[in-house]
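The number in this note's numbering is simply the position in the sequence shown, starting from 1, with 2 added.
Following: one structure in structure tokens, then a few remarks.
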Amino acid sequence: MNQRRITIISIGPGHPDLLTERARRALGEIDLAIGAPRLTQGLGIPTHEPVPLVSGTIELIRNHPGQHVGVLVSGDAGFYSLSRAVVNAFGRESVTVIPGISIVQAAFAAIAEPWQDARFFSAHGRQELDVAAIMASQRFLLLCDTAHTPGVLLERFPQLRADFALWVMANLSLENEIIVPVIAEAPLPEESLSCLVGIRKTNNTD
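Here it is as structure tokens:
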């Protein structure tokens, strides 16, 4: 039986300038693309949107055994993405992963902050967050969703405002990019694919 050819291609945060040359070449080598329409539009090859995301992706790959399948993911494939599910389903030997610029890199670059000591969390599909771990961080990035928007999270956990300088970010690198510092009672954007970035406040005693 022929081994499947699956390439997981990291598209980056969205702007074409932030798509790596290796990813660009990979897009020209695949027979079909699986991913959200915003990632697959304009490719000139058959495209499929997986529904639901994980099981739909696995099923679509299984339905095209003789083709070189590209699985397109935003950001980097190794950060809260599909790579683990695809590798678990089809084996490491069948999968090539093309890395990309993640939301972590884009978010911390946007506020000119390093991220080597940051911790990363996701609210996607989760009922409860590890708030203690977030509060113990020096800096963090939290991926939000429609049920856990930045506004909802900050209302539930007001201590975040007290201990951290915070930013709400969405659509990084795109024309509709949002980078909003969290200030007092100012309204917050409620984008569904947003993130909350926190840098622990320091007491300046000088």
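Beta carbons are placed, not taken as given, at the ideal position from N, Cα and C, and that holds for glycine.
*Kindly give me the distance between the Cβ atoms of Ala108 and Ser175, rounded to whole angstroms, as I take these residues to be in contact under 8 Å.*
Contact flag correct, Cβ pair sits at about 6 Å.
*Please report the residue range of the alpha helix (DSSP H) in which Ser196 lies.*
From DSSP, Ser196 is part of no alpha helix (DSSP H) but of the beta strand (DSSP E) over Ser196 to Arg202.
*Under 8 Å between the Cβ atoms of Val88 and Thr49?*
No.
*Under 8 Å, do Ala28 and Thr9 count as touching if we go by C-beta distance?*
Cβ distance < 8 Å, so Ala28 and Thr9 count as in contact.
*Helix, strand or coil for Thr148, going by three-state DSSP, please let me know.*
Reduced to three states, the DSSP call for Thr148 is coil.
*Best match in Ile136, Asn178, His70 and Arg94 for proximity to Ser196 [C-alpha to C-alpha]*: The shortest Cα separation from Ser196 among Ile136, Asn178, His70 and Arg94 belongs to Asn178.
*Of the listed residues Pro54, Ala167 and Thr22, nearest to Gly37 (C-alpha basis)*: Nearest of Pro54, Ala167 and Thr22 to Gly37, Cα basis: Pro54.
*asked:* Please give me, in chain order, every unbroken run of the alpha helix (DSSP H) with length at least 4 that falls completely inside the region 71-112.
replied: Within the region 71-112, the complete alpha helix (DSSP H) runs of at least 4 residues are 85-92 and 105-112.
_For Ser139, three-class secondary structure by DSSP_ = Coil.
*Identify, in the order they occur along the chain, each residue of the same chain with its Cβ nearer than 8 Å to the Cβ of Leu21, setting aside the five sequence neighbours on each side.*
Around Leu21: Ile13, Gly14 and Gly102.
*Residues near Leu155 by beta carbon distance below 8 Å, same chain, minus five either side*: Excluding positions up to five away in sequence, the list reads Ala125, Leu131, Leu144, Cys146, Leu162 and Leu198.
*For the beta strand (DSSP E) holding Val53, just list the boundary residues, first then last.*
Unbroken run through Val53: none, as it is neither H nor E.
*Should Thr151 go down as buried or exposed, given a rule of 16 or more other Cβ atoms within 10 Å for buried?*
With 16 or more Cβ atoms within 10 Å of its Cβ, Thr151 is classed as buried.
*asked:* Taking the alpha helix (DSSP H) that Ala25 belongs to, which residues open and close that run?
replied: Ala25 -> alpha helix (DSSP H) spans Glu23 to Leu29.
*Nearest to Arg64 (by Cα), restricted to the options Pro183, Gly93 and Gly46*: Arg64 has its Cα closest to that of Gly93, out of Pro183, Gly93 and Gly46.
*Whose C-alpha, out of Asn173, Pro18 and Glu115, is nearest the C-alpha of Gly44?*
Checked all of Asn173, Pro18 and Glu115; the closest Cα to Gly44 is Pro18.
*With a 10 Å radius around its C-beta and 16 neighbouring C-beta atoms as the bar for buried, classify Asp78 as buried or exposed.*
The C-beta of Asp78 has 16 or more other C-beta atoms within 10 Å across all chains shown, which makes the residue buried.
*Sequence-distant residues of the same chain with beta carbon closer than 7 Å to Arg40, five excluded per side*: Within the same chain, no residue comes within 7 Å of Arg40 by CB-CB distance, once the 5 residues on both sides are set aside.
*Apart from the five residues just before and just after Thr207, which ones in its own chain have a Cβ nearer than 7 Å to its Cβ?*
Unreliable positioning characterises Thr207 in this predicted model, as indicated by a pLDDT of 42, which lies under 50. The coordinate reading is nonetheless provided below. Answer for Thr207: no residue qualifies.
*Give a single yes or no on whether Trp117 has its beta carbon closer than 7 Å to a heavy atom of the ligand GTP.*
This structure lacks the ligand GTP, and indeed carries no ligand of any kind.
*Assign Asp208 to one of three DSSP states: helix, strand, or coil.*
In this prediction, Asp208 scores a pLDDT of 43, lower than 50, which makes its location untrustworthy; the coordinate-derived value is nonetheless stated afterwards. The three-state secondary structure of Asp208, taken from DSSP, is coil.
*Report yes if the C-beta distance between Ser96 and Arg6 is below 8 Å; otherwise report no.*
Less than 8 Å separates the beta-carbon of Ser96 from that of Arg6.
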